[in-house]
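J.: Could you have a look at this structure, given as structure tokens, before my questions?
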Amino acid sequence: MSKIIWVYSRKKLKNDAAAKLDNICSFLTPDNLIPNPHKIHLTENCGYGILNPKANIVCKDNSVLMGVLNGGFREWQNPGSEVPDGNFAIFRSSATTTEIISDSSGSRTIWYFFDNDLLIASTSQFAIIKYVSGFEFNRNVIPWMLTTGTLGPDNSWDKRIKKMPPNTVLKLDHLTWNIELRTDEIPFGEAKNSEVGFEKMDETLKESFRLLNLSSTKWVLPLSGGYDSRGILFYLISTNQADISTITWGLPGSRDDKKSDAYIAEKLSSSLNVPNLFLDTDFSDEPFAVIFERFIKNGEGRIDHISGYLDGFKIWSDLNKNGIDLIIRGDENFGWLSVNSPKDVLTSLGISFFYEYPFLKKHLNMQDYIQELPESLSKKENETLHQWRDRLYHQYRLQNLISSLGDLKYSYVEQIVPLLTRKVLQTTYQLSDKNRTDKILWKSIVESFNPKFSFATSQAIASVEKIYHSEKVVTFLKGFLSENLKNEIFEEQFMIEVLQHIKFTGKKLGHSEKMTFRKIVKILIPSKIYSLIKDNISVERELDWNLLAMRISLTIFIYRLLKDQ
């Protein structure tokens, strides 16, 4: 979405509030973006600023709807009215009450700050930090960033800032100046439920897409060679959405690989008479330091996944330049990988802890770091492993990783995720564990569509390993770490050891992944036996030193950037 900062003050807002909001929007604007004029709104107690506002954003007095609703919901702007369905962040206020609302999947992260004078809600941590001034570094992010490349559950860079859970209403009573949060968790059905299946899921999806009104926006669908974007494409066609257009991006050579996203997406769209534009994501001619800084500022350091942005965000700048308001992404929660143990659940979701890596354990233990999942993410007594897995996907992975990828693009384009509406999630959670595992039901739905096409087995963008071991990146990492051996966060000996392990492999960028011994073992050994081995034999996790160096560089850069604010 376009980025927003929304403020409600207990007292009359200061005279410089409008200028402050405008300056914050300018600070958030990427250096390669020519945005629409900022939208600045100010009343006595309430104000907001919107960076690069798009056609789908609706403003009514002090209330703002970022995103797209599924259905009418004409009273969305009134506190106390029905919470809509769709993909959105809602900021609404009356004379007596303010409500901030996250959608059912938390597809758009909302951060908030609350004290005796102000409630600030924003889709940007940076915006809040600049408004309240000062910076209180949250050291809890360190172990999570080093092990997962994310901030970890519920964490912000600033410990004063909180993250709203999905499906939540934050309510402020203006008179008492108290806030309360109400979260409605979507319940699971019976683990072996056979009543909800193909037909019910298909009808729910058709209804969701029929309610999708994109007539006032110019939009495109990023199309890969996988199931999710293909499913969206077929539902858009079957519900008669007009002016469907698709884009696919990747390395130039990926278009000739018959197993890649790029090749299959191009052939599929051609067979359906749908336009498909291929966009090149090879390294920009800009210095990698420029790409690195833009990547961190756009995503606010929430994630380390830079592989899709080696072009320096040229794709997204061009989409904005060409008047594109919105993209439709294929994020979903139809299920996840097969699991046989609690450790499987965590591993499948990319959750790891610093004490699993000997090097990190040695250094972080010396600084008394603690890394653990919040109690709310622990397995409930009445949950099956598969239900816990999918709840964690919803409450951890979607909030912590998937939404972070959205943040990277929101300055340029709006984004919606129609596979994550409330009705779709409710139906999904009524499926049996079997039908959610490996997304088996969703895959069967997509495979039923005609014409039939194979699915991609390799991505079109550069593989992560090859990026971090490329000459450009290695040169940057060695230079950055050498210049920052002494810093405010990491000990000098820690930095020296990491620097000594950074390696240049000499390999050119490519879109194929290396087949490691660990991957081969996992393919050959039955999953239950593999899980048993993992649970009973302590195996040290492998550490990619170049990736670790990238995460360290990201952390130091963010700390210095925010400290200057």
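The working numbering puts the first residue of the sequence shown at 3, with every later residue one more than the last.
All residues carry an ideal CB built from backbone N, CA and C; glycine is no exception.
Taking the alpha-carbon positions, what's the Glu485 to Pro289 distance?
T.: So the alpha carbons of these two residues sit roughly 17 Å apart.
J.: Shortest alpha-carbon distance to Asp320 belongs to which of Arg399, Ala267 and Ile36?
T.: The residue with the shortest Cα to Cα distance from Asp320 is Ile36.
J.: Could you tell me the alpha carbon to alpha carbon distance between Leu366 and Tyr561, rounded to whole angstroms?
T.: Answer to the nearest angstrom: the Cα atoms are 18 Å apart.
J.: From Trp78 to Phe93, what distance separates their C-alpha atoms?
T.: C-alpha separation (whole angstroms): 10 Å.
J.: Report yes if the CB atom of Asn402 is closer than 8 Å to the CB atom of Pro155, and no otherwise.
T.: In contact: Asn402 and Pro155 (Cβ atoms closer than 8 Å).
J.: State the Cα-Cα distance for the pair Trp146 and Asp245, rounded to the nearest angstrom.
T.: For Trp146 and Asp245, the distance between alpha carbons rounds to 42 Å.
J.: Considering just the uninterrupted stretch of the alpha helix (DSSP H) at Ser273, what are its terminal residues?
T.: Counting along the chain, the alpha helix (DSSP H) containing Ser273 begins and ends at Asp263 to Ser273.
J.: Return the chain-ordered list of same chain residues with a C-beta closer than 7 Å to the C-beta of Phe492, the five sequence neighbours on each side being excluded.
T.: Only Ile554 meet the Cβ criterion.
J.: Ordered along the chain, which non-local residues of its own chain (more than five positions away) have a Cβ less than 7 Å from that of Ala19?
T.: Here the set comprises Leu44 and Gly49.
J.: Going by DSSP, name the residue or residues bridged to Ala123.
T.: Partner(s): Trp8 and Tyr114.
J.: Going by DSSP, name the residue or residues bridged to Glu416.
T.: Paired residues: Leu328.
J.: If we call anything under 8 Å between Cβ atoms a contact, is Ser217 one with Met166?
T.: Cβ distance not < 8 Å, so Ser217 and Met166 don't count as in contact.
J.: Distance check for Leu148 and Glu374, CA to CA, integer angstroms please.
T.: The alpha-carbon atoms of Glu374 and Leu148 are separated by roughly 14 Å.
J.: Mark Lys16 as exposed unless 16 or more other C-beta atoms lie within 10 angstroms of its C-beta, in which case mark it buried.
T.: By the 10 Å Cβ count, Lys16 comes out exposed.
J.: With a CB to CB cut of under 6 Å and the five nearest residues on each side skipped, what residues in its chain are close to Leu120?
T.: Closer than 6 Å at Cβ, skipping near neighbours: Ser11.
J.: Just confirm the distance between the C-beta atoms of Tyr229 and Phe457, as a whole number of angstroms; I'd bet it's less than 8 Å.
T.: Correct: roughly 7 Å between the Cβ atoms.
J.: I need the boundaries of the alpha helix (DSSP H) containing His503, first residue and last residue.
T.: First-last of the alpha helix (DSSP H) with His503: Glu494 to His503.
J.: In angstroms, rounded to a whole number, what distance separates the CA positions of Gly255 and Gly227?
T.: Between Gly255 and Gly227, the C-alpha separation is close to 15 Å.
J.: Measure from the alpha carbon of Glu187 to the alpha carbon of each residue in Val171, Gly88 and Val347, then state which is nearest.
T.: Of the listed residues, the one whose Cα sits closest to Glu187 is Val171.
J.: According to DSSP, is Leu526 helix, strand or coil?
T.: A caution first: Leu526 carries a pLDDT of 49, below 50, which makes its placement in the model too unreliable to give a value.
J.: Can you tell me where the beta strand (DSSP E) holding Asn278 begins and where it ends?
T.: Run containing Asn278: Asn278 to Asp282, per the beta strand (DSSP E) assignment.
J.: Distance, Cα to Cα, Ser2 vs Asn452?
T.: Because the chain here runs from 3 to 567, residue 2 falls outside it and cannot be looked at.
J.: Provide the residue(s) that pair with Met552 in DSSP beta bridges, ordered along the chain.
T.: In DSSP, Met552 forms no bridge with anything.
J.: Would you mind reading off the limits of the alpha helix (DSSP H) that contains Arg543?
T.: Counting along the chain, Arg543 falls outside any alpha helix (DSSP H), and DSSP gives it neither H nor E.
J.: Just tell me which of Val448, Arg162 and Phe128 has its CA closest to the CA of Phe115.
T.: Comparing Cα positions, the closest option is Arg162.
J.: Go ahead and pull the three-state DSSP assignment for Leu214.
T.: Residue state, collapsed to three classes: strand.
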